[in-house]
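Participant: Numbering (the numbering used here), first residue to last: 182 to 503. Ideal placement from N, C-alpha and C gives every residue a C-beta, glycine not left out.
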Ligand code: FUB
């Protein structure tokens with residue numbers, strides 16, 4: 182399927198794919214979009230998702246299997262609204278689903294639900310992870326340690342925090358001020374809590390300076406981590422400039438130096454992805470709003486092969502090809 186973009190689930194609206202290989206199969210953990218009739222706004226109220234499905238593939242060109250609803254908002258004791266982008270990690274044969282959800286005070290927290298199989302179902306813990314905030318958890322394992330990257334601006338509420346404490350009023354840096362950083366935190370051995378205080382993921386521009394708020398390639402949301410040829414690739418969405426970009430570093434904590442654009446803007450406001458190696462090839466899973474006629478809250482999952490050049494640079498993919 183080289184360079185051919187393929188829609189994965191024509192019958193439903195799914196977005197924000199987190200993709201992993203478990204037991205030789207590819208598992209996709211997306212957000213489940215639906216028509217809630219909530220007006221579009223900068224807070225993302227129109228993304229009012231209420232459950233998660235899991236999908237699997239034996240081979241990239243095979244028919245996709247829908248494992249049905251694996252976690253429902255009505256079963257989460259602390260739920261307010263909006264189940265956004267989740268991720269799943271495996272440890273000792275158990276599967277941990279991390280999900281952002283607003284609590285009953287309309288504050289995003291990150292919850293955990295546990296399953297015995299990669300296709301779920303997942304049973305939620307009674308409370309969110311202590312000290313968690315904002316959105317888009319992505320979990321990366323390295324040498325038996327598990328690290329969560331998280332954070333998102335605007336509706337993702339990251340601008341309401343500094344040094345892991347809530348501010349009285351949100352402050353979004355502007356102009357030449359340093360952009361807000363995504364966060365990284367190591368998880369405790371039981372996978373249910375943070376083992377340390379979340380730290381900033383420093384993203385540097387080509388001259389080695391912290392990326393500024395005015396830089397169109399600064400971090401907005403949708404963290405993802407993968408490793409290629411012993412380098413750590415931190416990738417993310419630039420939000421209001423609608424690109425997927427990446428930066429590389431020498432440890433999971435960074436710092437990471439900006440390298441380029443992975444995906445140019447797609448149809449629809451949001452862009453979100455994961456990068457995974459499967460059977461010797463690399464793939465970019467992402468979404469757009471072409472099938473819904475551009476309705477940005479009704480997104481569809483796509484996959485395309487991703488390539489590196491001889492220096493390990495990711496070749497930019499055109500977001501609006503079909
Ligand atoms: O799906 C809701 C939000 O839209 C995600 O959490 C963001 O990354 C963006 O894709």
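1. Taking 7 angstroms as the cut-off, is the beta-carbon of residue 402 closer than that to any non-hydrogen atom of the ligand FUB?
2. With contact counted as at least three CB pairs below 8 angstroms, one residue from each stretch, are the region 208-219 and the region 261-268 in contact?
3. Sorry if obvious, but does the Cβ on residue 227 come closer than 7 angstroms to a heavy atom of the ligand FUB?
4. I'd like to confirm something about residue 407: is its beta-carbon nearer than 7 angstroms to some heavy atom of the ligand FUB, or not?
5. Can you pull the DSSP bridge partners for residue 319?
6. Residue 320 and residue 373 look like a contact to me (Cβ under 8 angstroms); what is the Cβ gap, rounded to whole Å?
7. Examine the Cβ distances between the region 454-470 and the region 192-201 and report whether three or more of them are shorter than 8 angstroms.
8. Quick check: does the Cβ of residue 316 come within less than 7 angstroms of any heavy atom belonging to the ligand FUB?
9. Buried or exposed for residue 338, going by 16 or more other Cβ atoms inside 10 Å?
10. Who does residue 471 pair with in a DSSP beta bridge?
11. Residue 512: beta carbon under 7 angstroms from a heavy atom of the ligand FUB?
12. If we count Cβ pairs, one from each stretch, closer than 8 angstroms, do we get three or more for the region 297-308 versus the region 321-337?
13. Please give me, in chain order, every unbroken run of the beta strand (DSSP E) with length at least 3 that falls completely inside the region 394-451.
14. Does the beta carbon of residue 506 fall short of 7 angstroms from some heavy atom of the ligand FUB?
15. Only counting runs of 3 or more residues, tell me where the beta strand (DSSP E) segments fall wholly within the region 255-318, in order along the chain.
16. In whole angstroms, give me the CA-to-CA distance for residue 427 and residue 419.
17. Does the separation of the CB atoms of residue 252 and residue 207 fall below 8 angstroms?
18. Cα-Cα, which of 187, 363, 288, 414 is closest to residue 429?
19. Cβ of residue 451 within 7 angstroms of any heavy atom in the ligand FUB?
20. Locate the beta strand (DSSP E) running through residue 228, then write down its first and last residues.
21. Between residue 349 and residue 342, what straight-line distance do the alpha-carbon atoms span, to the nearest angstrom?
22. Cα-Cα, which of 192, 447, 436, 411 is closest to residue 470?
23. Could you tell me how far apart the beta carbons of residue 398 and residue 383 are, in whole angstroms, since I believe they sit closer than 8 angstroms?
24. So, with DSSP's three-state summary, where would you put residue 348?
25. Nearest to residue 434 by CA position, among 284, 330, 185, 444, is which residue?
26. Can the beta-carbon of residue 276 be found closer than 8 angstroms to that of residue 299?
27. Can you find the residues in the same chain that come closer than 7 angstroms, C-beta to C-beta, to residue 381, ignoring five residues on each side of it along the sequence?
28. Residue 336 by DSSP, collapsed to three states: which one?
29. What's the C-alpha gap between residue 407 and residue 352?
30. From 355, 390, 312, 478, pick the residue whose C-alpha is nearest to that of residue 366; which is it?
31. Please identify the residue among 466, 394, 369, 501 whose C-alpha is closest to the C-alpha of residue 475.
32. Using 10 angstroms around the beta-carbon of residue 378, count the other beta-carbons present and answer buried if the total reaches 16, otherwise exposed.
33. Sort 261, 192, 234 by Cα distance to residue 226 and report the nearest one.
Facilitator: In brief:
1. Answer for residue 402: yes, Cβ within range of the ligand FUB.
2. Verdict: yes, contact present.
3. Not so, every heavy atom of the ligand FUB lies at least 7 angstroms from the Cβ.
4. Judged by the Cβ position, residue 407 fails to qualify as a neighbour of the ligand FUB at the 7 angstroms threshold, every heavy atom of the ligand being at least this far.
5. According to the DSSP secondary-structure assignment, residue 319 is paired through a beta bridge with 330.
6. Between residue 320 and residue 373 the beta-carbon gap is near 13 angstroms, outside 8 angstroms, which marks them as no contact.
7. Below 8 angstroms, enough C-beta pairs join the region 454-470 and the region 192-201 to call them touching: three or more.
8. Residue 316: yes, Cβ under 7 angstroms from the ligand FUB.
9. Classification for residue 338: buried.
10. Per the DSSP secondary-structure output, residue 471 pairs with nothing in a beta bridge.
11. The displayed coordinates of the chain run from 182 to 503. Any statement about residue 512 would go beyond what the structure contains.
12. Not touching, per the Cβ criterion.
13. The qualifying runs are 402-409, 412-418, 425-430, 437-444.
14. Outside the shown range of the chain, which is 182 to 503, sits residue 506, and nothing can be said about it.
15. DSSP runs (the beta strand (DSSP E)) wholly in the region 255-318: 268-272, 275-283, 289-296.
16. Between residue 427 and residue 419, the C-alpha separation is close to 10 angstroms.
17. Remark: C-beta atoms of residue 252 and residue 207 do not approach each other more closely than 8 angstroms.
18. Nearest option by C-alpha distance: 414.
19. Under cutoff, so the answer is yes.
20. Unbroken run through residue 228: none, as it is neither H nor E.
21. In a straight line, the C-alpha of residue 349 is about 9 angstroms away from that of residue 342.
22. Per the Cα distances, 447.
23. Actually they do not touch by this definition, with Cβ atoms about 15 angstroms apart.
24. For residue 348, the three-state secondary structure derived from DSSP is coil.
25. Nearest of 284, 330, 185, 444 to residue 434, Cα basis: 330.
26. The Cβ atoms of residue 276 and residue 299 lie closer than 8 angstroms to each other.
27. Excluding positions up to five away in sequence, the list reads 362, 364.
28. The three-state secondary structure of residue 336, taken from DSSP, is helix.
29. Looking at the two C-alpha atoms, the distance is approximately 30 angstroms.
30. Of 355, 390, 312, 478, the residue nearest in Cα terms is 312.
31. The shortest Cα separation from residue 475 among 466, 394, 369, 501 belongs to 501.
32. Around the CB of residue 378, fewer than 16 other CB atoms lie within 10 Å, so the residue is classed as exposed.
33. Nearest option by C-alpha distance: 261.
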